[in-house]
Amino acid sequence: MTPSTSTEFYLDANATTPVLTPILNSVIDAMTDNFGNPSSAHTTGLLAKDLLEQTRIKGKSILGTKEGELLFTSGATEGIQTAVVSSISHHMRTANNTIDKPILMYGATEHKAVPNTLKHWNETLGLHAELMEIPVNKDGKLDYAFIARHVPQAVMICTMAVNNETGVMQDLFKLEEVIRKNNSDVSWLVDCVQALGKVSINMDAISIDYAPFSGHKLYAPKGIGFLYVRSGQPYVPFIAGGGQESGMRSGTENLPGIAGLNTLFSLLAEEEGVFYTTKQLEQHRQMLIEALLDTFPDVSLHAKCEESVPTTINFSLDHYTSKEIIDLFDATGVRVSGGSACSSGVSSSFVLEAMGFDEWQCNNAIRLSFGPADSTEFIESACTAIRSVKPYLSISDGVGDKDAHLLSNWQGITQLVYQNESSWVFASEDKEVLIVNPNPQLFPKIKRLINEDEMCIKTCILNSLSGNSKTLIENVKSTFGQSVCIYHHGDNQSSEVLLSGEHWEVRSVASKQGNLVCLYGKGETELSEQVLNSEKVPSPFDCEVGKTMVISNNSIGLYCEENSSMQNPCLANMNNSVELQNGLSAINWIKAHDAVVLDVREWAEHKASLHLLSKISQECATKVINIPASRLVNAVFEGTLSQDTAYLILCRSGKRSKQQIKAMQSLGFTSLANLTKGLALL
Ligand code: PLP
405 MTPSTSTEFY LDANATTPVL TPILNSVIDA MTDNFGNPSS AHTTGLLAKD LLEQTRIKGK
465 SILGTKEGEL LFTSGATEGI QTAVVSSISH HMRTANNTID KPILMYGATE HKAVPNTLKH
525 WNETLGLHAE LMEIPVNKDG KLDYAFIARH VPQAVMICTM AVNNETGVMQ DLFKLEEVIR
585 KNNSDVSWLV DCVQALGKVS INMDAISIDY APFSGHKLYA PKGIGFLYVR SGQPYVPFIA
645 GGGQESGMRS GTENLPGIAG LNTLFSLLAE EEGVFYTTKQ LEQHRQMLIE ALLDTFPDVS
705 LHAKCEESVP TTINFSLDHY TSKEIIDLFD ATGVRVSGGS ACSSGVSSSF VLEAMGFDEW
765 QCNNAIRLSF GPADSTEFIE SACTAIRSVK PYLSISDGVG DKDAHLLSNW QGITQLVYQN
825 ESSWVFASED KEVLIVNPNP QLFPKIKRLI NEDEMCIKTC ILNSLSGNSK TLIENVKSTF
885 GQSVCIYHHG DNQSSEVLLS GEHWEVRSVA SKQGNLVCLY GKGETELSEQ VLNSEKVPSP
945 FDCEVGKTMV ISNNSIGLYC EENSSMQNPC LANMNNSVEL QNGLSAINWI KAHDAVVLDV
1005 REWAEHKASL HLLSKISQEC ATKVINIPAS RLVNAVFEGT LSQDTAYLIL CRSGKRSKQQ
1065 IKAMQSLGFT SLANLTKGLA LL
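Spelled out as structure tokens, the structure:
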């Protein structure tokens, strides 16, 4: 049911889902025909009121409750606020409460909407309880002994039915036993956002006090949700006003959203309707897992199939970063996410950290999630699309396309970036490799590249500014071999050429700062006396010499991190590139400047989405070249890019191209334009 063209496979259903056609029709109907205000006394209002109440009845039936309340909210986040404010303020108002040091408990893998809400209202309402995270085991299950120990002091305990990143299900009846045996009064919230439509819910059979839901996670529109409240539980309206929802949640009801829920509830109640059975969903999961196993050599699944909902697969790959795979998938139309959509920008998964996964897995988790209405044909086509990335992954198995391989051909200079820090890899023609500033997070990737190209790491230069160099040295040796020769920046070694390629040399150069590691274009002269005698570590921008850069410190590499423009006066002036907002302005700029299109995405991404580029290139018959961001410096040293040429730089979202514009400006390129919103919005 997920809309897909033959080239697009949306596999991020835990972030949100599209609105199903029958749901959409009800939403439209509630905006056009049955548009009344449920509070109006006339017939139009009565019809709207009837729709509202019928939806409540259907919803309660889906939740398996006769006694409990169901309130319509804007989404789960509002439901969570309501439950937390109700519980805390009730506790504070109850004169005879016996807890002397109150605590608020929540699961370590809870969606951030829960702990952040607890923290906020704990402070704002002045409860000042201790916030306590309940640990989970390696399978993501809550620690029952911990709960039993602490719950007697708890005002509220918040757990979740299904985790949004891993799909791990909690055993709610077991939890109930532990919680109620030790505290029959504590407010118990269960976040059911990812459970609806995937696990059976029977509220009257369990003592859950509050359960928030969000419509958009299951084919209803964004901005509508509902909250289940157990009969007799404390309730404080979170939104006061005109007294709608019997005064429990004021504000004119979102009737189009509620109409959407009405149809969703009907669909959920159907025996053989649009939603697949658990058994069928398990088959869909199995098909996807097999596609992943066929495509990638080392897949680590982060949750046991029998412990998680079938619609979520969380995994990492041994030698590929999540970014590489997400970008490559995206170029082939497969949309997956890293960790949760809500925490995008945060690279490591706190959920996997809590489960005790290693750093690589936490940093490189990929979440693939589909909807319970996705058809078997859709899943089959998605599997084909996943398998289609295989030729881009490996050249060694003979299937790969040498030019389209993820970072193939990496002789010369490669700049790998991890969280704004660069590691530089230099590879000579005779396959000797020198690494400067090796970042352990990049080791699996470097190892993959080294092995595939049968290279050999001879020398490694550590950044003296980095923390624990002893551990780093051990890590380098155990990963790349005991014979790797390791230097620190500033080591008092004599000036020498450490490695040379056809167009460049890496030299150690004596300066006032101790020895610097510098990259020189072949035949370039030494750094000026002024630079060498400088009291401060020189930056590449201090050097008049054309192709010379100091690579002793990350913050002054040729790669210009976002924040370095603050420190570097040269960069501060470099803001004269052109920002192009759309395809038409890009085409006009290319024509006016006789420009070349420079795609800075990885080779594989470029090859996998050539059709996107053709929109621009066909229109203005220009040349398109592909130099991944990681190989830009190499291209400059090799002379592939010319300062006399104008370049329109692009990538998928406009982020990488923006960074490369800065780097190219620092290398003396002047006629540059950026496709600001990237190819995605072309
Ligand atoms: N809880 C869980 C488990 C979720 O996955 C989400 C959304 O990602 C939320 C709560 C918050 O839902 P909403 O943003 O729709 O209010």
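For what it's worth, my numbering labels the leading residue of the sequence shown as 405, then goes sequentially.
Every residue, glycine too, gets a C-beta built ideally from N, C-alpha and C.
In the assembly as shown, Thr1044 is an exposed residue. Its beta-carbon has fewer than 16 other beta-carbons within 10 Å. Per the DSSP secondary-structure output, Leu1085 pairs with nothing in a beta bridge. DSSP places Trp592 inside the beta strand (DSSP E), whose first and last residues are 591-595. Proximity to Val572 across Leu593, Lys585, Ser591, Asn541 peaks at Asn541, based on C-alpha coordinates.
Non-local C-beta neighbours of Gly1072 in its own chain, meaning closer than 7 Å and more than five positions away in sequence, comprise Gln1047, ordered along the chain.
Taking non-hydrogen atoms of ligand 1 into account, the C-beta of Gln598 is found less than 7 Å away from one of them.
Here DSSP, grouped into helix, strand and coil, assigns Arg739 to strand. When rounded, the separation of the alpha-carbon atoms in Gln557 and Tyr548 is 15 Å.
Around the CB of Ile551, 16 or more other CB atoms lie within 10 Å, so the residue is classed as buried. Residue nearest to Tyr924 within the set Leu467, Leu846, Ile817 is Ile817 (criterion: CA-CA distance). Glu878 and Leu820 have their C-alpha atoms spaced approximately 21 Å apart. By the neighbour-count criterion, in which 16 or more other beta carbons inside 10 Å mark a residue as buried, Met435 falls on the exposed side. Unbroken beta strand (DSSP E) stretches of 3 residues or longer found wholly inside the region 554-622: 558-564, 591-595, 614-618, given in chain order.
Arg689 sits in a helix when the DSSP states are folded into three classes. Contact between Glu473 and Val633 holds, with the beta-carbon distance rounding to 4 Å and staying under 8 Å. With contacts defined by Cβ atoms closer than 8 Å, Val590 and Val555 form a contacting pair. 8 Å or more divides the Cβ of Phe830 from the Cβ of Val888. Relative to the non-hydrogen atoms of ligand 1, the Cβ of Asn658 never comes closer than 7 Å to any of them.
For the beta strand (DSSP E) assignment, the uninterrupted runs of no fewer than 3 residues enclosed by the region 859-888 are, from N- to C-terminal side, 860-866. Of the other Cβ atoms in all chains shown, fewer than 16 fall within 10 Å of the Cβ of Phe439; this residue is therefore exposed. Of the other Cβ atoms in all chains shown, 16 or more fall within 10 Å of the Cβ of Phe847; this residue is therefore buried.
Here the alpha carbons of Gln815 and Tyr680 stand approximately 50 Å from one another. Taking the CA atoms as reference points, Val703 sits about 38 Å from Gly987. Taking the CA atoms as reference points, Thr699 sits about 43 Å from Thr477. When the alpha-carbon of Val423 is set against those of Ala663, Ala480, Asn1030, the nearest one is in Ala663. Note: Glu473 is bridge-paired with Val633 in the DSSP secondary-structure output.
Our two residues, Leu456 and Trp764, have alpha carbons roughly 49 Å apart in a direct line. Using a C-beta cut-off of 8 Å, the region 688-695 makes contact with the region 775-795, since at least three inter-stretch Cβ pairs fall below that distance. Secondary structure at Leu529: coil, using DSSP grouped into helix, strand and coil. Within the DSSP secondary-structure output, Thr502 pairs in no beta bridge.
Per DSSP, the continuous beta strand (DSSP E) segment holding Trp828 begins and ends at 825-831. With fewer than 16 other CB atoms across the displayed protein chains lying within 10 angstroms of its CB, Asn520 is exposed. With respect to the 8 Å criterion, Leu600 and Tyr614 are not classified as neighbours on the basis of their beta carbons. Shortest gap from the CB of Ser618 to any heavy atom of ligand 1: under 7 Å.
Residues His706, Gln765, Cys766, Ala769 of the same chain have their beta carbon placed closer than 7 Å to that of Leu756, with the five preceding and five following residues left out of the count.
Counted as a single uninterrupted DSSP element, the beta strand (DSSP E) harbouring Thr716 occupies residues 716-721.
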